[in-house]
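S.K.: This structure is in structure tokens; I'll ask about it shortly.
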Amino acid sequence: MGAGGGVSARNGMEQGMAEIADKVMAGGRISDAEFLALERDADLYQLAFLADAIRRRLHPEGLVTYVVDRNINYTDICISACKFCAFFTAPEDPSGYVLTFAQLEQKIRETQELGGTQILLQGGLHPDKPLEYYEEMLRFMKGTGIHVHGFSPPEVCHFAALSGLTIAEVLRRLIAAGLDSIPGGGAEILCDRVRQATAPRKCTADQWIAVMEEAHNQGLRTTATMMFGHIETAGERLEHLRRLRELQDRTGGFTAFIPWPFQPDNTALAQQVEIEKTTGMGYLRMLALSRIYLDNFDNIQASWVTQGPKIAQLSLYFGANDFGSTMLEENVVAAAGVSFRLSEQEIRRLVVDAGFAPRQRLMDYTVIV
Ligand code: SF4
């Protein structure tokens with residue numbers, strides 16, 4: 010596969026690096042050892058070169074997609090108390106909220122008036138709402154005709170634990186009530202050492218994978234995420250990516266991968282452990298490494314919500330082909346002190362300015378505008 014521009018991927022590379030680059034440029038799959046070699050030895054330009062070549066091979070038409078949607082966090086009450094979370098309220102704290110169905114409807118109508126097509130529906134792990142409550146919520150929301158991209162694997166596991174049902178049965182009921190697709194939230198790092206240390210009450214790595222596998226087997230498409238830049242090692246980042254790549258090999262159900270760095274402000278984890286915030290370059294390196302390793306993922310999203318518009322533009326040259334969502338409302342990252350906001354018009358301008366053609370899409374990456 011040609012890289013274009015008369016530039017060789019081998020230029021300036023050590024022998025080992027050059028062999029990995031040749032493999033990537035030929036469309037090959039890198040091994041775990043090769044990932045770690047790239048992570049350790051490749052410079053920023055080399056990673057960009059390889060990730061961009063893959064992006065151009067998969068998306069030669071030069072489009073950058075985005076979805077117009079809104080986050081709705083139906084409750085902030087949560088029993089999990091994840092140390093990296095600045096959003097939740099403990100069940101015994103009276104300041105917690107649960108949105109009424111009338112509030113849900115108003116948010117959905119506002120989204121639809123702005124040309125929005127979907128709701129990213131996620132919430133805390135509420136201690137006592139039965140599964141019937143979420144089924145009723147879905148049926149109510151589907152009455153508006155909106156696509157519901159909702160209930161990440163920790164929520165599905167929580168519903169299963171509270172109801173005494175299996176993950177498969179919970180998913181069957183949620184799908185019957187109108188669930189359209191599942192967001193990849195709650196993955197953080199799919200390694201139980203990290204999960205035990207940061208979110209011991211949340212689902213395990215195996216459970217997260219099991220929810221996604223079952224969802225794919227029941228016909229739902231889902232996304233995958235990674236929150237990195239806290240206590241994990243390079244090997245644990247690799248373990249995360251490996252588990253995603255293996256599942257994608259089995260099911261092909263993931264539409265996209267979305268990595269973003271941990272936002273430490275206002276979190277318990279940042280008070281307990283000294284954590285250096287991931288820099289823009291650190292983010293771009295991880296983005297490119299993900300694009301290179303996840304050869305069976307069609308789409309990689311830039312995270313302008315955590316990185317801001319300028320790094321998001323650069324992301325399009327480090328493997329990303331999608332600008333994510335307009336996020337008409339975003340509460341979780343905002344709680345960690347990050348408050349970038351972009352209108353659809355600004356997203357389109359940023360994409361054009363970076364040299365691409367912006368296109369609005371649906372969750373399954375069907376282009377609509
Ligand atoms: S990340 Fe989710 S599960 Fe964890 S405390 Fe926050 S709201 Fe609860």
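Numbering (our numbering) for the sequence shown: 10 to 378.
For each residue, glycine too, the CB sits at the ideal point set by N, CA and C.
Predicted model only: the values in this text are computed from it and were never measured.
Do the CB positions of H156 and Q127 come within less than 8 Å of each other?
M.R.: Cβ atoms of H156 and Q127: closer than 8 Å.
S.K.: Rounded to whole angstroms, how far is the Cβ of A60 from the Cβ of G328, which I believe are closer than 8 Å?
M.R.: Right, the Cβ-Cβ distance comes to about 3 Å (below 8 Å), so this counts as a contact.
S.K.: If I measure Cβ to Cβ from A51 and keep anything under 7 Å in the same chain, skipping five residues before and after, which residues do I get?
M.R.: Excluding sequence neighbours, A51 sits near M26.
S.K.: Can you give the beta carbon distance from P367 to V73, rounded, assuming they're within the 8 Å contact cut?
M.R.: That belief holds up - the Cβ atoms of P367 and V73 are roughly 6 Å apart, short of 8 Å.
S.K.: Between G133 and ligand 1, is the CB less than 7 Å from at least one heavy atom?
M.R.: Yes, the beta carbon of G133 sits closer than 7 Å to at least one heavy atom of ligand 1.
S.K.: Between G195 and R148, is the Cβ-Cβ spacing less than 8 Å?
M.R.: Contact: no.
S.K.: Could you check how far apart the C-beta atoms of N308 and N330 are, in whole angstroms? I think they sit under 8 Å.
M.R.: So it is a contact: roughly 6 Å between Cβ atoms.
S.K.: Using the beta-carbon count (16 or more within 10 Å), is L53 buried or exposed?
M.R.: L53 comes out exposed.
S.K.: Can you tell which of M150, E353, G132 and K138 has its C-alpha closest to the C-alpha of L113?
M.R.: Measuring from the Cα of L113, the nearest candidate turns out to be M150.
S.K.: To the nearest whole angstrom, what separates the beta carbons of P270 and T315, a pair I think is in contact under 8 Å?
M.R.: About 6 Å; that satisfies the 8 Å criterion.
S.K.: Determine the DSSP secondary structure at V220, reduced to helix, strand or coil.
M.R.: Reduced to three states, the DSSP call for V220 is helix.
S.K.: Could you check which residue in T109, K138, A46 and L296 has the C-alpha nearest to that of C87?
M.R.: Ranking T109, K138, A46 and L296 by Cα distance to C87 puts K138 first.
S.K.: What is the DSSP secondary structure of I377, reduced to helix, strand or coil?
M.R.: It is coil, neither helix nor strand.
S.K.: How close, in whole Å, do the beta carbons of P162 and C212 come, if the pair is a contact with beta carbons under 8 Å?
M.R.: With a Cβ gap of about 6 Å, P162 and C212 count as contacting.
S.K.: Would DSSP call Y75 helix, strand or coil?
M.R.: Y75 falls in the strand class under three-state DSSP.
S.K.: Judging by CA-CA distance, which residue of G159, I29 and S89 is the nearest neighbour of R79?
M.R.: Ranking G159, I29 and S89 by Cα distance to R79 puts G159 first.
S.K.: Using the C-alpha atoms, what's the distance from A321 back to G36?
M.R.: One C-alpha to the other measures close to 25 Å.
S.K.: Going by C-alpha distance, which of A111, T288, L229 and V203 is nearest F93?
M.R.: Comparing Cα-Cα distances from F93 to each of A111, T288, L229 and V203, the minimum goes to V203.
S.K.: Between which residues of its own chain and A1 is the CB-CB distance below 6 Å, once the five residues before and five after are set aside?
M.R.: A question about residue 1 goes unanswered here, because the residues of the chain that appear run from 10 up to 378.
S.K.: Within the region 118-197, note down every full beta strand (DSSP E) run reaching 3 residues or more, in order along the chain.
M.R.: If we require 3 residues or more, the beta strand (DSSP E) runs fully inside the region 118-197 come out as 127-131 and 156-159.
S.K.: Going by DSSP, which residues form a beta bridge with Q369?
M.R.: Looking at the DSSP assignment, Q369 forms a beta bridge with Y75.
S.K.: So is I377 buried or exposed if we call it buried at 16+ other beta carbons inside 10 Å?
M.R.: Result: exposed.
S.K.: Going by DSSP, which residues form a beta bridge with Q310?
M.R.: D331.
S.K.: Restricting to Cα atoms, I'd like to know which of K286, H225 and S352 is closest to Q257.
M.R.: When only C-alpha atoms are compared, the closest one is H225.
S.K.: Roughly how far, in whole angstroms, is the beta-carbon of G193 from the beta-carbon of T231, given that I think they are within contact range, below 8 Å?
M.R.: Contact flag correct, Cβ pair sits at about 6 Å.
S.K.: Check whether the Cβ atoms of N340 and F96 sit closer than 8 Å, and answer yes or no.
M.R.: It is a contact, given that the beta carbons lie within the stated cut-off.
S.K.: Enumerate in chain order the residues of its own chain whose CB-to-CB distance from G289 is below 6 Å, with the five nearest sequence positions on each side excluded.
M.R.: I320, listed in sequence order.
S.K.: Mind checking whether F365 and G71 have CB atoms under 8 Å apart?
M.R.: Closer than 8 Å, so yes.
S.K.: According to DSSP, which residues form a beta bridge with N80?
M.R.: The partner list for N80 (beta bridge, DSSP) reads L129.
S.K.: Compare the C-alpha of M34 against each of M221, V282, G132 and Y302 and name the closest.
M.R.: Minimum Cα distance to M34 is reached at Y302.
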